[in-house]
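Numbering (this note's numbering), first residue to last: 4 to 670.
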């Protein structure tokens, strides 16, 4: 029942038809797979094959088994019950034996800590249960709009939606990280009486656990296991200008020229959706964009890169639709016609159904990249906006999808990662390592393909701004170091409103300290959805002279921070530790640092406390113990381990320098 395999490197447990395989996976990591009759190895998970073979100890004694990989040990006990033996796992520190995480039986009779409810054909609803621990805090798990940093007590759907990004990796305050290495649809319940991971329909359980001396070390191990992010190109660290839609080439160029005429910095400007002939053609409409090559050249002369919006949708009117349909390059359905959302495209006159291409199919990835390379990349474009890449299902029924990699129920969540992979691998094959991908969704491992995540179509409200701070920090702890929001929010906002102008100024100040710095949104007055829409004005001068002066100061603040930020991006590239992170990543011994949800660190030397409420002109800031903190604006010094109240006039937000660090926050 308990066996040592592969030369004493793997612990395998067999009880009746259940097989549990525990094996070392990277430094201080163990991978656990569970199946009926055997483990499944053909699901596209996030784990990479480890480069090194660490020393491993496997010990078996009658009804106990133990496997140790560095800082992590797994212990298996065969527990006698009224319904027979039940294997129960516990993960412990490899040095002290202290329990980090243990399985929890659902009931003294049945089921045990794992359960399989048969659907037929080898598929079933799977459950994996663990103990809950008093005072444990849980972070990561992607990006969500619930407005919480610590996610203990929540139930989260494991499914991709606009603004709700499922990356099933969590970091625990108890000193472990856990990756649910299953891209299927389900949920995780982080309840007070136990944690439960659920897969709605799958063939096996697959997860990975690591241990570390603090969150930073856990993030390093996660990057080793799932992939390091590339180095962010220097040009991408500046200001990105965007609005709902620039309708044509001349309008976009006029904004870039005006920006430079006013002496304001800009690094990227965006051509958003409907710039194409038809959805899925992946090329400029020559009626609106007559000279893309000339446009790219002029922007480059201004020091600006062009980003273009690429959707995964393919209209039946697209020149590519017949070939993709006939060669099986589109996502299929389990039932019904293989179309997945309505779309009001050019030439339709009304909303009509469209399909999605299937990035889990290598041939489909190659097909799409070949079109993108010919029509965009070869013109000098190196920034791509992979919008609606969840993908955007209407209605949202991923269970009805059928992919090259498997049924939607089992693999749907991997879609955005494989979409980013097409562009990353295509650009690398072209000899380029500086392609930037702005994505609306991601899954575990997306970071290795250069995916930058943004928080989706969020409201233009103070509540939303507050939620972004927590969301961005959890994204960072999910392994994605490149992150941004729509400054000012996406949905709504009247540029003539004094109240909204205050929100935009404060959002700019927060955005200047985010990994990516980007303005976007659909402002008032709004237009009906369709190819004629453009959205209200959303340039930095759209909010009045007072706001423009303050926004301009923030743009130059970002310019001063760029060398420091590039250093932190290199750290993220090399170690996996994100530049923007909660206070407890650097101060894990400070219990109060684990409770701060409205401030963050940018690298080790900057503590940022954004203003998150209308009308506030000061705020309280907690400064972690173990450092001396200097107010970047006034020079006043404070000993850490205390709350201070500092001024926050409309022109600035509180920023503190750690231990006499020299970062040019002030001009």
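Using N, Cα and C, we set each Cβ at its ideal position, and we do this for glycine too.
None of the values given here were measured: they were computed from a predicted structure.
Mind checking whether the beta-carbon of residue 146 lies closer than 7 Å to any heavy atom of the ligand ADP? The ligand content of the structure shown is nil, which means the ligand ADP is not present either.
Quickly, what does DSSP pair residue 201 with across the bridge? List them, please. Counting from 1 along the chain shown, the entry for residue 201 is found at position 198. In DSSP, residue 201 forms a bridge with 130 and 190.
If you pair each beta-carbon of the segment 610–624 with each one of the segment 540–559, do three or more pairs fall below 8 Å? no
Are there 16 or more other CB atoms within 10 angstroms of the CB of residue 54, so buried, or fewer, so exposed? Sequence index remark: in the chain shown, residue 54 carries index 51 (1-based). The residue in question, residue 54, is exposed, as its Cβ has fewer than 16 Cβ neighbours within 10 Å.
I'd like the list of long-range same chain contacts for residue 558, defined as Cβ closer than 7 Å, with 5 residues on each side in sequence excluded. Along the chain shown, one-based indexing puts residue 558 at 555. Cβ within range, chain order: 242, 267 and 268.
Relative to the alpha-carbon of residue 457, which residue among 432, 483 and 466 has its alpha-carbon at the smallest distance? On the chain shown, position 454 is the one that residue 457 refers to. That would be 483, whose Cα lies nearest to the Cα of residue 457.
Who are the Cβ neighbours of residue 616 in its own chain at under 7 Å, not counting the five residues just before and after it? Here residue 616 is taken as the residue at index 613 of the chain shown, counted from 1. Closer than 7 Å at the Cβ level, and outside the excluded window around residue 616, lie 465.
Assuming residue 144 contacts residue 477 (C-beta within less than 8 Å), just tell me the rounded distance between them. The residue you call residue 144 lines up with position 141 of the chain shown. The residue you call residue 477 lines up with position 474 of the chain shown. Between residue 477 and residue 144 the Cβ distance is about 6 Å, and since that is below 8 Å, they are a contact.
Going by beta-carbon coordinates alone, are residue 217 and residue 591 separated by less than 8 Å? What you label residue 217 is simply residue 214 of the chain shown in a count that begins at 1. What you label residue 591 is simply residue 588 of the chain shown in a count that begins at 1. In this structure, residue 591 lies closer than 8 Å to residue 217 by Cβ.
Measure the beta-carbon distance from residue 180 to residue 213 and round it to whole angstroms, keeping in mind my assumption that it falls under 8 Å. The sequence position of residue 180 within the chain shown is 177, counting from 1. The sequence position of residue 213 within the chain shown is 210, counting from 1. Their Cβ separation, rounded to whole angstroms, is 5 Å, which keeps residue 180 and residue 213 in contact under 8 Å.
Nearest by alpha-carbon distance to residue 487: which of 474, 426, 497 and 499 is it? Here residue 487 is taken as the residue at index 484 of the chain shown, counted from 1. Among 474, 426, 497 and 499, the Cα nearest to that of residue 487 is on 474.
Quick check: residue 164 and residue 157, are their CB atoms within less than 8 Å of each other? If you number the chain shown from 1, residue 164 lands on position 161. If you number the chain shown from 1, residue 157 lands on position 154. Cβ distance not < 8 Å, so residue 164 and residue 157 don't count as in contact.
How long is the line joining the alpha carbons of residue 194 and residue 430, rounded to whole angstroms? What you label residue 194 is simply residue 191 of the chain shown in a count that begins at 1. What you label residue 430 is simply residue 427 of the chain shown in a count that begins at 1. In a straight line, the C-alpha of residue 194 is about 43 Å away from that of residue 430.
Within its chain, find whatever has a CB closer than 6 Å to the CB of residue 153; leave out the 5 residues flanking it on each side and keep chain order. Position 150 of the chain shown, counting from 1, holds the residue named residue 153. Only 140 meet the Cβ criterion.
Could you give the C-beta distance for residue 448 and residue 205, rounded to a whole number, given that I count them as a contact under 8 Å? Reading the chain shown from its first residue, position 445 is the one you call residue 448. Reading the chain shown from its first residue, position 202 is the one you call residue 205. With a Cβ gap of about 18 Å, residue 448 and residue 205 do not count as contacting.
DSSP three-state call for residue 671: helix, strand or coil? Because the chain in this structure spans residues 4 to 670, residue 671 falls outside the shown range and cannot be described.
What are the complete beta strand (DSSP E) segments, minimum 3 residues, inside the segment 344–424? 344–346, 355–359, 386–389 and 404–406
Under the DSSP definition of a beta bridge, which residues are partnered with residue 119? Working through the chain shown from its first residue, we reach residue 119 at position 116. In DSSP, residue 119 forms a bridge with 129.
Kindly indicate the opening and closing residues of the beta strand (DSSP E) around residue 45. As a first step, residue 45 must be located in the chain shown, where it is residue number 42. No beta strand (DSSP E) holds residue 45; DSSP gives it neither H nor E.
In whole angstroms, what is the alpha-carbon distance linking residue 136 and residue 192? Mapped onto the chain shown, residue 136 falls at position 133. Mapped onto the chain shown, residue 192 falls at position 189. The alpha-carbon atoms of residue 136 and residue 192 are separated by roughly 14 Å.
Rounded to whole angstroms, what is the Cα-Cα separation between residue 519 and residue 237? Position 516 of the chain shown, counted from the start, is the residue given in the question as residue 519. Position 234 of the chain shown, counted from the start, is the residue given in the question as residue 237. The alpha-carbon atoms of residue 519 and residue 237 are separated by roughly 11 Å.
In DSSP terms, what residue 310 is bridged to: As a working mapping, residue 310 is identified with position 307 in the chain shown. 273 and 386.
Three or more beta-carbon pairs under 8 Å between the segment 336–356 and the segment 399–413, yes or no? yes
On the three-pair Cβ rule with 8 Å, is the segment 413–423 touching the segment 20–38? no
Straight-line Cα distance separating residue 350 from residue 234: Position 231 of the chain shown, counted from the first residue, corresponds to residue 234. Position 347 of the chain shown, counted from the first residue, corresponds to residue 350. Rounded to whole angstroms, residue 234 to residue 350 spans 41 Å at the Cα level.
Pair every Cβ in the segment 296–305 with every Cβ in the segment 362–378, then say whether three or more of these pairs are closer than 8 Å. no
Going by beta-carbon coordinates alone, are residue 109 and residue 128 separated by less than 8 Å? Stepping through the chain shown from its first residue, residue 109 is reached at position 106. Stepping through the chain shown from its first residue, residue 128 is reached at position 125. It is not a contact, given that the beta carbons lie outside the stated cut-off.
Assumed close pair residue 59, residue 70 - CB separation to whole angstroms, cut-off 8 Å: As a first step, residue 59 must be located in the chain shown, where it is residue number 56. As a first step, residue 70 must be located in the chain shown, where it is residue number 67. About 7 Å; that satisfies the 8 Å criterion.
Which partner residues of residue 580 appear in the DSSP bridge assignment? Translated into positions along the chain shown, residue 580 becomes position 577. In the DSSP output, where bridge partners are listed per residue, residue 580 has none listed.
If you draw a straight line from the alpha carbon of residue 441 to that of residue 389, how long is it in whole angstroms? Counting from one through the chain shown, the residue named residue 441 turns up at place 438. Counting from one through the chain shown, the residue named residue 389 turns up at place 386. Using only the alpha carbons, I get a separation of about 6 Å.
Report the three-state DSSP secondary structure of residue 90 (helix, strand or coil). Here residue 90 refers to the residue found at position 87 of the chain shown. Three-state result, residue 90: strand.
Buried versus exposed call for residue 117 [16 or more other C-beta atoms within 10 Å across all chains shown]: As a working mapping, residue 117 is identified with position 114 in the chain shown. When all chains shown are included, residue 117 counts as buried.
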